[in-house]
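For reference, the structure is listed below as structure tokens.
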Amino acid sequence: MDQGATSRRERGALVAATLGIVALVVLQAPGRIVPETKLEVALDPIGFLGRALDAWDPSAGFGRVQNQAIGYLFPMGPATALGQALGLPPWLVQRAWIAAVVVASLWGAHRLARAVGISSPGGRVVAALAYALAPATMAVTAFQSAGQLPYALVPWVLVPLVAHRDGDDPRRTAARSTLWLVAMGGVNAASIVAVLPLVAVWFATRAPGPARRRLLAWWSAGAVAASLWWLIPLAVSVGHGVRFTDYTESAAITTGTESATEVLRGTGNWLSFLTTEGGLWLPGGWLLSSSAL
Numbered sequence: 003m004d005q006g007a008t009s010r011r012e013r014g015a016l017v018a019a020t021l022g023i024v025a026l027v028v029l030q031a032p033g034r035i036v037p038e039t040k041l042e043v044a045l046d047p048i049g050f051l052g053r054a055l056d057a058w059d060p061s062a063g064f065g066r067v068q069n070q071a072i073g074y075l076f077p078m079g080p081a082t083a084l085g086q087a088l089g090l091p092p093w094l095v096q097r098a099w100i101a102a103v104v105v106a107s108l109w110g111a112h113r114l115a116r117a118v119g120i121s122s123p124g125g126r127v128v129a130a131l132a133y134a135l136a137p138a139t140m141a142v143t144a145f146q147s148a149g150q151l152p153y154a155l156v157p158w159v160l161v162p163l164v165a166h167r168d169g170d171d172p173r174r175t176a177a178r179s180t181l182w183l184v185a186m187g188g189v190n191a192a193s194i195v196a197v198l199p200l201v202a203v204w205f206a207t208r209a210p211g212p213a214r215r216r217l218l219a220w221w222s223a224g225a226v227a228a229s230l231w232w233l234i235p236l237a238v239s240v241g242h243g244v245r246f247t248d249y250t251e252s253a254a255i256t257t258g259t260e261s262a263t264e265v266l267r268g269t270g271n272w273l274s275f276l277t278t279e280g281g282l283w284l285p286g287g288w289l290l291s292s293s294a295l
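Convert by adding 2 to the 1-based position in the sequence shown; the result is the number in our numbering.
Next up, the structure:
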């Protein structure tokens, strides 16, 4: 049950939290580019987006079938290209993008908290902060910001569904929900699959009947339509690309650090424990994982 309009004090708290997040992100190693998965997006976003339009990339080695590069076409690629067009340094564009992902989590979680009926303004703000700043996402956002988009945007997917009432147009509700799937991109398809059970749980808790079936049918159709732009290129990559994950991130490696306690703490991501000759791969993630709390 939606608790109505946000009060001025509550909105002020959210704005203050937003400004704090932006400041903290920008102040992290100013002037230095963080090692994002696709460094080319930060250094040459327009060139990278041009290459992403073709499944074959001749610029690396002897050529290769690209791995989910198409997923950067929206929204990360255009956002980074806009920053470059405005003359901003790459490191600042990176920080602005990372801050935007975290802030989207914050405001989306707050909207969802209001939609599900959390009546206390303070409770809604605390819930939003807990979601946006959860260790599980803070550990890897700077390294895989595009891969965190499903986590950041799934509250926005759920809000129209939670707010749906008997008599509402199921097509409109489904459209308002699934449009957010477009912005999840296709950089990491597994991340999208990981958050969709939340939608399934919501449908499972609705009263059975024609109304639920109609909404589910329209939502499913919208979800497929919203994802086709990256699903088809992904199928090409799977069919013709190299299965490099068998060598870089097998199931045994990625789950080896996910003990019950680490899962509960949200600090079990394997990258937080990865060490190379140059040191820790994700120093911030290691600080979270190695802390006593």
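Ideal Cβ placement from N, Cα and C applies to all residues, glycine included.
A quick note: this is a predicted structure, and the numbers were derived from the prediction, not measured.
| Check | Outcome |
| --- | --- |
| Drop a sphere of 10 angstroms on the beta-carbon of W158, count the other beta-carbons inside from all chains shown, and report buried for 16 or more, exposed for fewer. | buried |
| Please state if the CB of V67 and the CB of G211 are separated by a distance shorter than 8 Å. | no |
| Which one of R113, M140 and V142 has the shortest CA to CA distance from A129? | R113 |
| Near S9, what residues of its chain come up, given a Cβ to Cβ distance below 8 Å and the 5 sequence neighbours on each side ignored? | P123 |
| When you compare only the Cα positions, how much space is there between V164 and S229? | 22 Å |
| Return the first residue and the last residue of the alpha helix (DSSP H) that A130 is part of. | P123 to A134 |
| A117 and V184 look like a contact to me (Cβ under 8 Å); what is the Cβ gap, rounded to whole Å? | Wrong, their Cβ atoms sit about 21 Å apart, outside the cutoff. |
| Do W220 and R173 come within 8 Å of each other at the CB atom, strictly closer than that value? | yes |
| In the structure shown, what three-state DSSP assignment does D46 receive? | coil |
| Quick check: what's the CA-CA separation for W288 versus V197? | 24 Å |
| Jot down the residue ranges of each uninterrupted alpha helix (DSSP H) in the segment 167 to 219, minimum 4 residues, whole runs only, in chain order. | 172 to 185 and 191 to 206 |
| Considering only C-alpha positions, which residue in the set A148, T143 and A225 is nearest to A177? | A225 |
| Could you check where the alpha helix (DSSP H) with A154 kicks off and where it finishes? | L151 to V164 |
| Taking all protein chains shown into account, do 16 or more other C-beta atoms lie within 10 angstroms of the C-beta of L88, making it buried, or fewer, making it exposed? | exposed |
| Let me check understanding here. Comparing Cα to Cα, which of W231, G241 and Q86 lies closest to M186? | W231 |
| Hey, out of E38, A71 and G33, whose CA is closest to G49's CA? | A71 |
| Could you give the DSSP three-state label for G281: helix, strand or coil? | strand |
| Suppose the cutoff is 6 Å on Cβ atoms and the five residues either side in sequence are ignored; what does the same chain contact list for G268 look like? | A136, P137 and A138 |
| Would you check if the segment 93 to 108 and the segment 28 to 37 touch, i.e. whether three or more CB-CB distances between them fall below 8 Å? | yes |
| Determine the DSSP secondary structure at V24, reduced to helix, strand or coil. | helix |
| In terms of residue numbering, what span does the alpha helix (DSSP H) encompassing V95 cover? | P92 to V118 |
| Mind checking who R66 pairs with in its DSSP beta bridge? | D59 |
| Where do the ends of the alpha helix (DSSP H) carrying L266 lie? | A262 to R267 |
| Go ahead and pull the three-state DSSP assignment for E38. | coil |
| On the three-state DSSP scale, how would you describe T256? | helix |
| Quick check on the burial criterion: 16 or more other C-beta atoms within 10 angstroms. Buried or exposed for F246? | exposed |
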